[in-house]
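Quick note: the sequence shown uses the numbering used here, first residue 447, plus one each step. To keep things clear, I will list the structure first and then write my remarks on it.
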Amino acid sequence: MQTRDYDCYIYIASRMGFRLLNDNGDTIFIDKETDGYCNMYANNIAVSFLHSMNKKQINAIHYFENNHPKIFEVLVNHLSNQFKLPKDELGFKCINILDQFIDDFSIVEYIFIKANKEKIKVKMFKSILVNEQVKKGFLKNQLSN
Numbered sequence: 447m448q449t450r451d452y453d454c455y456i457y458i459a460s461r462m463g464f465r466l467l468n469d470n471g472d473t474i475f476i477d478k479e480t481d482g483y484c485n486m487y488a489n490n491i492a493v494s495f496l497h498s499m500n501k502k503q504i505n506a507i508h509y510f511e512n513n514h515p516k517i518f519e520v521l522v523n524h525l526s527n528q529f530k531l532p533k534d535e536l537g538f539k540c541i542n543i544l545d546q547f548i549d550d551f552s553i554v555e556y557i558f559i560k561a562n563k564e565k566i567k568v569k570m571f572k573s574i575l576v577n578e579q580v581k582k583g584f585l586k587n588q589l590s591n
């Protein structure tokens with residue numbers, strides 16, 4: 447099921463301020479701000495190459511499209527626990543719509559790159575941090591795959 451075509455390379459104004467990545471997406475230019483574009487995947491496959499996505503994945507994409515400012519606010523607040531200025535220290539690599547879900551929405555993984563090329567992965571259900579909620583026991587019984 448798919449309601450419309452999706453490009454794997456999307457513009458997201460909310461990610462402005464993060465550092466620019468090289469074409470391979472594995473190195474950040476600490477002195478350059480992102481152009482606002484990033485890749486979107488579904489289970490690590492670029493969405494533009496998919497013939498179809500399930501309803502839960504489409505629901506997650508639609509939620510992201512309508513709520514990315516709030517999502518990035520939560521992400522930046524979360525990353526501020528580890529980084530003094532996350533946007534100045536990290537590049538935003540991609541969005542990966544996982545085949546894990548809660549209710550009718552897929553879990554979305556947001557991947558950032560540090561200056562040392564290390565990846566930081568943050569999973570969210572809508573605009574809720576999954577890792578934190580699972581640790582607290584709130585989502586443990588709801589997470590399915």
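Quick reminder that beta carbons are idealized off the backbone N, C-alpha and C, glycines included.
Quick check on DSSP: helix, strand or coil for residue i?
| i | result |
| --- | --- |
| Lys-530 | coil |
| Glu-535 | helix |
| Phe-571 | strand |
| Asn-542 | strand |
| Gln-448 | Low per-residue confidence applies at Gln-448: pLDDT is 40, beneath 50, and the placement is therefore not dependable, though the value from the model is reported in the following sentence. Coil at Gln-448, not helix or strand. |
| Lys-581 | Because Lys-581 carries a pLDDT of 48, less than 50, the predicted location of this residue cannot be relied on, and no value is offered for it. |
Closest by CA to residue i, which one among the options?
| i | options | result |
| --- | --- | --- |
| Ser-526 | Ile-543, Ile-566 and Asn-513 | Ile-566 |
| Ile-517 | Cys-540, Lys-572, Gly-537 and Ile-456 | Lys-572 |
| Asp-549 | Asn-505, Arg-465, Leu-531 and Met-462 | Asn-505 |
| Gly-482 | Lys-563, Phe-538, Val-554 and Ile-557 | Phe-538 |
| Leu-594 | Asp-534, Gln-528, Lys-530 and Val-522 | For the chain, the structure presents residues 447 to 591; residue 594 sits outside this window and is missing. |
| Asn-489 | Tyr-556, Asp-545 and Ile-574 | Asp-545 |
| Tyr-556 | Glu-519, Ile-476 and Met-499 | Glu-519 |
| Pro-532 | Asp-472, Ala-561, Asn-512 and Ser-498 | Ala-561 |
| Lys-563 | Met-570, Leu-536 and Ile-574 | Leu-536 |
State the CB to CB distance for the pair residue i and residue j, rounded to an integer number of angstroms; the pair is presumed to be in contact (CB under 8 Å).
| i | j | result |
| --- | --- | --- |
| Tyr-457 | Cys-540 | That pair is no contact at about 13 Å. |
| His-524 | Val-554 | 14 Å between Cβ atoms; not a contact. |
| Lys-502 | Phe-464 | Between Phe-464 and Lys-502 the Cβ distance is about 27 Å, and since that is not below 8 Å, they are no contact. |
Would a C-beta distance cut-off of 9 Å place residue i and residue j closer than the cut-off?
| i | j | result |
| --- | --- | --- |
| Ile-543 | Val-493 | yes |
| Ser-552 | Pro-515 | no |
| Val-559 | Ile-491 | First, the residue type needs correcting, since residue 559 is Ile and not Val in the sequence shown. Cβ distance not < 9 Å, so Ile-559 and Ile-491 don't count as in contact. |
* Asked: Could you give the uninterrupted runs of the beta strand (DSSP E) lying entirely in the region 462-526, keeping only those of 3 residues or more?
  -> 465-467, 474-479 and 483-488
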